[in-house]
Structure formats: structure tokens, C-alpha cells
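Undergrad:
Numbering (the working numbering), first residue to last: 326 to 983.
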């Protein structure tokens, strides 16, 4: 391509406004490359624009242009439309080529504009500025330009001036909003990725910070909510500004406000910064924005309601404040202090300790909703999967019924073998339970070893598979999956097998036997107390006779403690007023016996002595060696201390041993 054609193309390019939209800018670049112009020609022309990005941006676009597509003719077509004359001769005042420039005297380059110096020279904006009135905006921290400045051929006299600052507060550029509504940036000033204008800022940890395209939306968001609103100067900058905000303010809740037609883009940005987004009402015309909504309704309450409807992507992790925790419901119990309402639990002990008898007793109490060892229960359907000692389960149930009467019909039994790690067995078990018409009950697997036959209990992977299977069943059915398990050779070390089992449990009950003394205690409770022992014995019950007229017997669980035993085994206070009051209460509980006065709370265990609080204070106050006018106060304080330590229960003005 000859020199004249290159000069002709360069002349055509120089006649065009570089501050056009990006699509047209790229198109002109493609035509320029087809016309034989160099990257330097394209870059020098692009740098004259008020919205100039960077040399790297120009080079990236230039390098991506391949032969074909838009040709050189498009360059000349655009130039003629802009008033350029093509007489096939070099123009009288043609653009100087780069090759000719070294032959001419070097001209000093114009110094770039200093935004800080210009900003300081401008006067403050007032509420009567035409653009502020048009957008129902605010003049805060804005200025007005008066002078001869032209940007891309547009006069800026009377323009509203917006500062473009980094999040560190450095002034990077200025945006001029002319009287015709055009938005122009100060030429030669590069906008950093975090450059923005925060209305009502800076962001704060509490409440929302809104991210919007332009100043009008920021004004509306801030006026409606009194929260900071960040103007990004265009939708293309929202992602970079949002990311920078998240890095600088990690605890702030960011909410992007999308113009109509840009909701998907804002939703994607919101997901990347763990924020929310607001969409314009359905049916809004394209590019309808929050300020348009504000003006259409003339009501900040309507704007606030729209912003309060922000959408959020589901988050895997929910971070709670202390106030959030206080609003959460307290721990819920199937058997208060023993079994939670839902989760994975275990009853474990050595062979011969009586744990299967204890399990049957516990499940029967749950099915009926009866107290169990003084612990309240909430009635629920029960399934006892008896995989060990199947032959004796019928006799145990008969013995229980001889002692306590018929078990509740919601108590069901399964005696067939299964493997909970087998997906088919697991699915069939869930289906059978659902077919029985219940969920959120208690499903007991006796024992875990028989429910996962062949499992290497000491292997973490094998134990993990069994735990995962039990957890899957619980997720399908709700309620509690109760595992019956053995202790190892060293019973003091607890559950047999890999330690991951104990870690996975929400609750665990340990059963022990020393000679003829049996007891159970809470070995693990995520939401309750552990350690208190509950002795029990196995009483023999005759349930019939066999074919040889010999008695057929089984055993039932009987608590092996009374109120006096409970008082004796409680860890007593070592001294002071609490010890004096405790000793006095012991005498009063003995004298009260098992009488159940009218009006006592329903949660008082059967057979547990109970006293009125005021009666106890009146009886014991004189035992304290304090001034007579302080005796009542100190006695009440001592009883409060005993309640706090867990030695006494105080409900509705009644006292009994915990």
C-alpha cells in the first residue's frame, strides 16, 4: 500500500471522534488495520478520547484483529459521515505521519490535566443545578465547571463535576455531566479499577451498601435508605468496584442494583462477592433504572421497599451474630437430657451389662411418652431393629408388658437381617418405615456390628461408611438413629472401634456393670450435662411355662434408686451457707416423703420429694449465722447457688433434688 493511501487513511481516522462507544471504536480499529495503519496510529488517535482506557487495552484489541471482516472502506465511510472530504489528494492540513515527525521540530507534549488542581478551582454545586433537579439528586461533594474546556468537541461550561476517587480516597479523574446530559471524563486520566463515587459513605459493617451504575441511581438509593450508595460510572465497572469493596470491607453486605435488562450480569457479580442484587420490576423497559423508578413513583418509601426485596444466592456457610444465636430455638429433646429430638446417638456397654434390656425400656417409654428414669419424654413412633438376640426379644417384650402393661402400638420391631451400607437394604428400610406412616421418630439398630456385617470397626474408612449410612437413614426419616454398640477389651476406653464413631454422635449413653450393680450415665451430650449415674437392676419376670411345665422368664429394667439415694449420691457443697442449707433440705425432703402436693409442675418425677421454696426458706433461715434481717436473703442466695450448681431443680416455686 503506497504512502498516499496511508496518509489518506490516517487523515480519515483523524477526522473521527475517538470518544465513541466501544463497539464503534473496535470497528474503526478493524477498518484502520485493513487500511494499512499501524498500532501507533490507532493508539495515538484513541488517546485523544475522554474515555480512553490504556495502551494495554488498545494493544489487546489491535492484536485480536485478524484479516477479513470489516475492510478499509468502513473507515472512509465513517469519516465522510463525520464531514471528511475525500478529493483523492492529501488534505491541506493533513495529519502528520510518525515517519515525518522526527524531521520536524519536536513539539512539547501537553501536560495531562491535574484533576486535583482543577477540582480545587471549581465552585461547589447547589441544589438548583439543572441535572440535580432533573434526577431529584443531591449536591453534596459535587462541583460546577465554568470555562472554555471542551472534551471530544463538547463544551463543558456549566457542567456538573463528579469526583472519581479510589477507595483509598485519591482523586483519579473527574466526570463532567454537561447541560445536554452527556457524561465525559477528563482526558488523559486513567480510571483505576476501584475508582468510584460513594454517596453517603464510607461503607459500614451494619446494613447494606448499594452498588449502582450512575450517580442518579446512587442518589435514589441513598435517599431512600440512608445507606451508602456507590456510583461505578458504568455497568462495565461494577464488577471491579464490587471486588475492590469486598476486599477493603470484608464484613459489609453489598447489594448490586441492576438496570432493567442487566439483572443476570449483576446477579453474577453479586455471587462473586457474596452479596445480593435488586432487579427492576417485571415489564420495565430496557435500561430503566432505580432513579427512573424513583421519579415514576415520586415516593422514597416505594424505592426503599424495592431495595429491601434484594435477592441472594444461597450461601454454603451462614455466619451468625450473637443476636442471631439468641433467636435460635433452644435444644430440643426426645428424652430430656438424654436423647436429642434428632441426630445420631448410641447406647454402649460390655456384654452382659443389660444394655439391650435398657434399650427396650427406653424405647417403650418413648413410644408411650412416659418419663424414663425421671426424664421427660416426647412421644414418638419407634422401630427396634433387633439383630442380636432375636430369639429372646419376644420374651423381653412379654416381660415388659407383664410389668408395665401393653406397649404402645407405635412401637414396631424388625427381626430380619440387613446391611445399612447396602443401598438396596437402606432404601427398602426407609420405604418400610414410611409405609408404616411415620417419620421423625426413633430407629434403633441393635447392634451396629450386626447392622454392618463384616465391618472392620477399627478401620476409619469402614467405620466412616457405617456412620455415613446411619446419617443417610436419619436424613431420610428425621428423628434419631440410635445405635447399640459394645465397648472394647478395655471398657474404660469407651466405644469399641475407631474414634470417629464417638465424634459423629450427638449423644451417647454408657451402660456399666460392677458385680450385680448396673448403671447408665450420659457419656456425651452436645446440648446437655453428662456424667450423672443412674443405677438400675434387672428383675426376673415369669411370662409363662414351657412344654415341660417349667417357668419361662425374662427380665425387666427397674430403677435402683429412691429419693434418699439421690440425695446421698449428689456431690455435696463443701461448706458455708450452701452446705448448711443443703443439710437442712435433706432432712426436709426425707420428712416430705413421696407425697405429691396439688399444683406441682408436671415435670416433677414420680416419687421425688418436693418442697415449696418459701417453706424451705422459712424453715432454714434461722440456721444461718448472720444478722436476723439478712437471714432470708442469705438463705435464698444459698438455694439459688445450689440450683445453679445443678443440685436442685426450681420450677414455679417448687424445689426438688436434680
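The beta carbon of each residue, even a glycine, is placed where N, CA and C say it ideally should be. Keep in mind it's a predicted model, so treat the numbers as computed, not measured.
In the DSSP assignment, find the beta strand (DSSP E) that holds residue 844 and state where it starts and stops.
TA: Walking along the chain shown from the start, residue 844 turns up at place 519. Residues 842 to 850.
Undergrad: Hey, residue 281 and residue 632: beta-carbon distance below 7 Å or not?
TA: Nothing about residue 281 can be read from this structure; the chain reaches only from 326 to 983.
Undergrad: Between residue 861 and residue 882, how many whole angstroms is the CB-CB distance? I'm expecting something under 8 Å.
TA: Within the chain shown, residue 861 is the residue found at index 536, counting from 1. Within the chain shown, residue 882 is the residue found at index 557, counting from 1. Contact flag correct, Cβ pair sits at about 5 Å.
Undergrad: On the three-state DSSP scale, how would you describe residue 540?
TA: For this step, residue 540 is matched to residue 215 along the chain shown. In this structure, residue 540 counts as helix in the three-state DSSP scheme.
Undergrad: Using a threshold of 7 Å, state whether the C-beta atoms of residue 521 and residue 555 are closer than that.
TA: Stepping through the chain shown from its first residue, residue 521 is reached at position 196. Stepping through the chain shown from its first residue, residue 555 is reached at position 230. Cβ atoms of residue 521 and residue 555: closer than 7 Å.
Undergrad: Report the residue from 535, 335 and 449 whose alpha carbon sits nearest the alpha carbon of residue 550.
TA: The sequence position of residue 550 within the chain shown is 225, counting from 1. Distance from the Cα of residue 550 is smallest, within the candidate group 535, 335 and 449, for 535.
Undergrad: Based on Cα-Cα distance, which residue from 764, 760 and 768 lies nearest to residue 1019?
TA: There is no way to answer for residue 1019, as the model of the chain reaches only from 326 to 983.
Undergrad: Using 10 angstroms around the beta-carbon of residue 746, count the other beta-carbons present and answer buried if the total reaches 16, otherwise exposed.
TA: Taking the first residue of the chain shown as position 1, residue 746 is located at position 421. Residue 746 comes out buried.
Undergrad: Could you name the residues that DSSP lists as bridge partners for residue 498?
TA: What you label residue 498 is simply residue 173 of the chain shown in a count that begins at 1. Note: residue 498 sits in a beta bridge opposite 489.
Undergrad: Quick check: is any heavy atom of the ligand GTP less than 6 Å from the C-beta of residue 978?
TA: The model depicted lacks the ligand GTP and carries no ligand whatsoever.
Undergrad: Measure the CB-CB distance between residue 983 and residue 971 and report whether it falls below 7 Å.
TA: Stepping through the chain shown from its first residue, residue 983 is reached at position 658. Stepping through the chain shown from its first residue, residue 971 is reached at position 646. Yes, the Cβ-Cβ distance between residue 983 and residue 971 is below 7 Å.
Undergrad: So, do the region 658 to 676 and the region 619 to 629 have three or more beta carbon pairs nearer to each other than 8 Å?
TA: no
Undergrad: Can you give me the C-alpha to C-alpha distance between residue 874 and residue 683, rounded to a whole angstrom?
TA: For this step, residue 874 is matched to residue 549 along the chain shown. For this step, residue 683 is matched to residue 358 along the chain shown. Using only the alpha carbons, I get a separation of about 29 Å.
Undergrad: What are the complete alpha helix (DSSP H) segments, minimum 4 residues, inside the region 696 to 732?
TA: 715 to 729
Undergrad: Just verifying my parser: in three-state terms, what is the DSSP assignment at residue 908?
TA: As a position in the chain shown, residue 908 is number 583, starting the count at 1. Three-state result, residue 908: helix.
Undergrad: Below 6 Å CB to CB, which residues in the same chain sit around residue 925 once its five sequence neighbours on both sides are set aside?
TA: What you label residue 925 is simply residue 600 of the chain shown in a count that begins at 1. Contacts found: 935 and 979.
Undergrad: Following the continuous beta strand (DSSP E) through residue 503, name the residue where it begins and the one where it ends.
TA: Taking the first residue of the chain shown as position 1, residue 503 is located at position 178. Neither: residue 503 is in no beta strand (DSSP E) and is coded neither H nor E.
Undergrad: Can you list, in chain order, the residues of its chain with a C-beta nearer than 7 Å to that of residue 385? Leave out the 5 residues immediately preceding and following it.
TA: Indexing the chain shown from 1 puts residue 385 at position 60. Answer for residue 385: no residue qualifies.
Undergrad: What number of angstroms, rounded off, separates the C-alpha of residue 620 from the C-alpha of residue 543?
TA: Counting from 1 along the chain shown, the entry for residue 620 is found at position 295. Counting from 1 along the chain shown, the entry for residue 543 is found at position 218. Taking the straight line joining both Cα atoms gives about 13 Å.
Undergrad: For the alpha helix (DSSP H) containing residue 996, name the first residue and the last one.
TA: One cannot answer for residue 996 here, as it falls past the ends of the chain, which runs 326 to 983.
Undergrad: Below 8 Å CB to CB, which residues in the same chain sit around residue 476 once its five sequence neighbours on both sides are set aside?
TA: Sequence index remark: in the chain shown, residue 476 carries index 151 (1-based). The answer, listed in chain order, is 344, 375, 501, 509, 510, 511 and 512.
Undergrad: Which one or two residues does DSSP pair with residue 476 in a beta bridge?
TA: If you number the chain shown from 1, residue 476 lands on position 151. Note: residue 476 sits in a beta bridge opposite 479.
Undergrad: If you follow the beta strand (DSSP E) that residue 869 is part of, which residue opens it and which one closes it?
TA: In the chain shown, the residue the question calls residue 869 occupies position 544. Counting along the chain, residue 869 sits inside the beta strand (DSSP E) bounded by residues 858 to 870.
Undergrad: Measure the beta-carbon distance from residue 792 to residue 829 and round it to whole angstroms, keeping in mind my assumption that it falls under 8 Å.
TA: Residue numbering aside, residue 792 sits at position 467 when the chain shown is read from its first letter. Residue numbering aside, residue 829 sits at position 504 when the chain shown is read from its first letter. That belief holds up - the Cβ atoms of residue 792 and residue 829 are roughly 5 Å apart, short of 8 Å.
Undergrad: Work out the CA separation of residue 718 and residue 867 for me, nearest whole Å.
TA: For the purposes of this step, residue 867 is taken as residue 542 along the chain shown, with counting starting at 1. For the purposes of this step, residue 718 is taken as residue 393 along the chain shown, with counting starting at 1. Answer to the nearest angstrom: the Cα atoms are 15 Å apart.
Undergrad: For residue 727, which option in 527, 735 and 877 has the closest C-alpha, if you only look at C-alpha atoms?
TA: Residue numbering aside, residue 727 sits at position 402 when the chain shown is read from its first letter. Taking only the C-alpha atoms, the option nearest residue 727 is 877.
Undergrad: I'd like to check one pair, residue 831 with residue 668: are the Cβ atoms closer than 7 Å?
TA: Within the chain shown, numbered from 1, the residue matching residue 668 stands at position 343. Within the chain shown, numbered from 1, the residue matching residue 831 stands at position 506. In this structure, residue 831 lies closer than 7 Å to residue 668 by Cβ.
Undergrad: So which of 583, 611 and 652 has the shortest CA-CA distance to residue 635?
TA: Here the question's residue 635 lines up with position 310 in the chain shown. Considering only alpha carbons, the answer is 583.
Undergrad: Could you tell me the alpha carbon to alpha carbon distance between residue 802 and residue 759, rounded to whole angstroms?
TA: In the chain shown, counting from the first residue as 1, residue 802 sits at position 477. In the chain shown, counting from the first residue as 1, residue 759 sits at position 434. Rounded to the nearest angstrom, the two C-alpha atoms are 8 Å apart.
Undergrad: Quick one: residues in its chain with C-beta nearer than 6 Å to the C-beta of residue 850, no 5 flanking neighbours on either side, listed in chain order?
TA: Stepping through the chain shown from its first residue, residue 850 is reached at position 525. If we look at residue 850 and ignore the five residues flanking it on each side, its Cβ neighbours are 832.
Undergrad: Does the beta-carbon distance from residue 672 to residue 809 come in below 7 Å?
TA: Counting from 1 along the chain shown, the entry for residue 672 is found at position 347. Counting from 1 along the chain shown, the entry for residue 809 is found at position 484. A contact, by the Cβ cut-off of 7 Å.
Undergrad: Could you check the C-alpha separation between residue 607 and residue 574 for me, to the nearest Å?
TA: Position 282 of the chain shown, counting from 1, holds the residue named residue 607. Position 249 of the chain shown, counting from 1, holds the residue named residue 574. Looking at the two C-alpha atoms, the distance is approximately 32 Å.
Undergrad: Relative to the C-alpha of residue 704, which residue among 722, 735 and 402 is closest?
TA: Locating residue 704 in the chain shown gives position 379, where the first residue counts as 1. It is 735.
Undergrad: Nearest chain D C-beta to residue 857 closer than 7 Å, yes or no?
TA: You won't find chain D in this structure, because it holds only one protein chain.
Undergrad: Give a yes or no on whether the C-beta atoms belonging to residue 507 and residue 483 are separated by under 7 Å.
TA: Mapped onto the chain shown, residue 507 falls at position 182. Mapped onto the chain shown, residue 483 falls at position 158. No, Cβ-Cβ distance for residue 507 and residue 483 is not below 7 Å.
Undergrad: Mind checking which residues open and close the beta strand (DSSP E) that includes residue 349?
TA: Walking along the chain shown from the start, residue 349 turns up at place 24. That residue, residue 349, is in no beta strand (DSSP E); its alpha helix (DSSP H) goes 347 to 359.
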